[in-house]
Ligand SMILES: Nc1ncnc2c1ncn2[C@@H]1O[C@H](COP(=O)(O)OP(=O)(O)OP(=O)(O)O)[C@@H](O)[C@H]1O
Ligand code: SF4
Ligand SMILES: [Mg+2]
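In the working numbering, the protein residues as written are 11 to 392.
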């Protein structure tokens, strides 16, 4: 793939905030960007429809996911972004069948048209881990510390295929080569603690792709790594996506990661999608104040904008006692009585672009949507 692809210059009318984030992402993904990778196909691989997940607890029912829907096409990268506790992991664990037994799950999760939630357990098991694979944030908790890397990779093959162990080990070596681990033959005999954090995350990628999946769910795959290693891992993910022809669900709290990685972006707040669109639409034309708030709170390459960041004030709501109306209303600078009395539905605000906000028109008219979160500096406050 060409490493000489010039970065796409931001359009002149783009708000400074979005341009900064995109520029930063392009710098991080200097060697490989989404533009270098194979485009998505029309084929629908994974369709999640009105998924809800609740956990009964002593304090009340936690409404962790309150109705998420999305479609993932072959080779597409869909970014799911939101603050801690917004339901990103719970919704993807539901796809993987990894939720605790007390979770109440409703809706449908269809893999190539077959509903995973109503499928026989044996059929579910054969799909999950093979056709739908997951990369977790912390490889140390996913890898067994007392077994060699080769053993663990071979086991992942043997769990789904009746092949000789030698063949499974051969596949393991091939995968380590593919994810860029030097001397793969020798490294098969190493243990997880003998690898650096970045190398371990490469092993997790190898584990995820070893059975040729159609979908890779990457849940904060680079949060524990420093920025340079993070960029290498993300580039590797884009590369392997094309090698195995997989789609990626990229879960992160970091909009900077999504900017260089995702074709489309879904923003979650309090268990629900609040904005969905192409990554450019979400970055350049946010129509939900929470998205604008997230964009405004990302540091730019040159440092903080106007000398300071614009964080979103307040904290996410309790998922047991949600506020009436729009759950973002206690933190939203645009909130009105209408917002406090009725929760907005996701509605079309452009082609393929949806937002859940009573006042998305106000954002559409604003020159810089992030400015609504502007907090006066010491000079102005006086
Ligand atoms: N087993 C459980 N029982 C009760 N509540 C749970 C359980 N698992 C998750 N939750 C709650 O569900 C909500 C959504 O959690 P989730 O892990 O999906 O958040 P997240 O968006 O992935 O956050 P983070 O960025 O911190 O990973 C949180 O409020 C969490 O406390
Ligand atoms: S509906 Fe109202 S409170 Fe909610 S995000 Fe839109 S403007 Fe803010
Ligand atoms: Mg999570």
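Think of the CB as a built atom: it goes at the ideal place given N, C-alpha and C, for glycine as much as any other residue. This structure is a prediction, so every number in the text was calculated from the model and none was measured.
Go ahead and pull the three-state DSSP assignment for residue i.
i           : result
residue 244 : helix
residue 49  : coil
residue 125 : strand
residue 381 : helix
residue 70  : strand
residue 256 : coil
residue 168 : helix
residue 216 : helix
residue 62  : strand
residue 114 : strand
residue 373 : helix
residue 159 : helix
residue 178 : helix
residue 398 : Because the chain in this structure spans residues 11 to 392, residue 398 falls outside the shown range and cannot be described.
residue 189 : coil
residue 4   : Shown here, the chain extends from 11 to 392; a query on residue 4 therefore has no answer.
residue 334 : coil
residue 194 : helix
residue 38  : Annotation note: pLDDT 49 at residue 38 (below 50); position unreliable, coordinate value reported separately. Three-state result, residue 38: helix.
Any heavy atom of ligand 3 within a distance shorter than 7 Å of the CB on residue i?
i           : result
residue 165 : no
residue 98  : yes
residue 252 : no
residue 93  : no
Do residue j and residue i count as a contact pair if the criterion is CB distance below 8 Å?
i           : j           : result
residue 63  : residue 101 : yes
residue 221 : residue 170 : yes
residue 82  : residue 218 : no
residue 356 : residue 281 : no
residue 145 : residue 228 : yes
residue 268 : residue 260 : yes
residue 211 : residue 243 : yes
residue 131 : residue 159 : no
residue 295 : residue 360 : yes
residue 88  : residue 276 : yes
residue 186 : residue 168 : no
residue 263 : residue 91  : yes
May I ask you to check if the CB of residue i is nearer than 7 Å to at least one heavy atom of ligand 1?
i           : result
residue 67  : yes
residue 396 : Because the chain is modelled from 11 through 392, residue 396 falls outside the range shown and cannot be assessed.
residue 283 : no
Check the DSSP bridge columns for residue i and list the partner residues they point to.
i           : result
residue 229 : 261
residue 56  : 82 and 121
residue 279 : 282
residue 91  : 262 and 277
What are the boundary residues of the beta strand (DSSP E) that residue i is part of?
i           : result
residue 300 : Premise fails: residue 300 lies in the alpha helix (DSSP H), 299-306, not in any beta strand (DSSP E).
residue 365 : 363-365
residue 143 : 142-145
Provide the residue span of the alpha helix (DSSP H) that contains residue i, from first to last.
i           : result
residue 272 : Element bounds for residue 272: n/a, residue is neither H nor E.
residue 287 : Unbroken run through residue 287 is the beta strand (DSSP E), 282-288; no alpha helix (DSSP H).
residue 358 : Not the alpha helix (DSSP H): residue 358 falls in the beta strand (DSSP E), residues 357-360.
residue 104 : 98-106
residue 137 : 131-137
residue 347 : 347-351
residue 328 : Segment: none, residue 328 is in no alpha helix (DSSP H) and carries neither H nor E.
Check whether the Cβ of residue i lies closer than 7 Å to any heavy atom of ligand 2, and answer yes or no.
i           : result
residue 351 : no
residue 101 : no
residue 338 : yes
residue 332 : no
residue 300 : yes
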